[in-house]
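J.: Note that the numbering used here has the sequence shown beginning at 1, numbered continuously upward.
The beta carbon of each residue, even a glycine, is placed where N, CA and C say it ideally should be.
Note that this is a predicted model, so its numbers are computed, not measured.
Can you keep this structure in mind? I'll have questions shortly.
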Amino acid sequence: MGFLDKFEKGVENVTNRAMSRFSDDIEPIEIASKLRETMDKRAASFARDRSVVPNIFRIHLTPPSIERITAWGQDEMVRQMEEVATSHAADQGYSFVGPVEVTFVSDASLNSPVEIDSSTRRGAAA
């Protein structure tokens, strides 16, 4: 990760913390940021030029945030998050072992605005 990537990540973290203090409303950019962060943390290197990342993402949001996702169009939000994951993987040189799958889960017990569970499921070419 280069200097500019680290700087961008720092600014993003500060912005996300500030936004979450003022509002419980989650924005798509915050979800996308957390999705990219999850992929980066879970990347597993198998060779010098190959890192595999999870392809299954369960995005946990509070019930009011799920209502907002539904109002925006949940199918479209799923498609957008799948595109975020695919684009980020291409930018970082990551590989998937199957197709990317994103689901939204309502979770009233969250301690943060968004939490993501990720896993790897083998399947047809991603």
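Taking Cβ positions, are Ser-118 and Ile-56 nearer each other than 8 Å?
T.: Taking 8 Å as the Cβ cut-off, Ser-118 and Ile-56 qualify as a contacting pair.
J.: I need the boundaries of the alpha helix (DSSP H) containing Asp-91, first residue and last residue.
T.: Asp-91 -> alpha helix (DSSP H) spans 74-92.
J.: Tell me whether Glu-27 sits in a helix, a strand or coil according to DSSP, three-state version.
T.: In this structure, Glu-27 counts as coil in the three-state DSSP scheme.
J.: Output the boundary residues of the beta strand (DSSP E) element that contains Phe-104.
T.: Note, Phe-104: beta strand (DSSP E), 101-106.
J.: Tell me, which residues are paired with Ser-118 by DSSP?
T.: Bridge partners of Ser-118: Phe-57.
J.: Can you tell me whether Phe-46 is buried or exposed, with buried defined as 16 or more other CB within 10 angstroms of its CB?
T.: Under this definition Phe-46 is an exposed residue.
J.: What whole-angstrom Cβ distance do Met-130 and Val-52 have, given they're in contact under 8 Å?
T.: No answer is possible for residue 130: the residues shown for the chain start at 1 and end at 126.
J.: Leaving aside the five residues before and after Pro-63 along the sequence, list all residues of the same chain whose C-beta is less than 7 Å from its C-beta, in chain order.
T.: Only Ser-106, Ala-108 meet the Cβ criterion.
J.: Ala-90: buried (16+ other C-beta within 10 angstroms of its C-beta) or exposed?
T.: So Ala-90 ends up on the exposed side.
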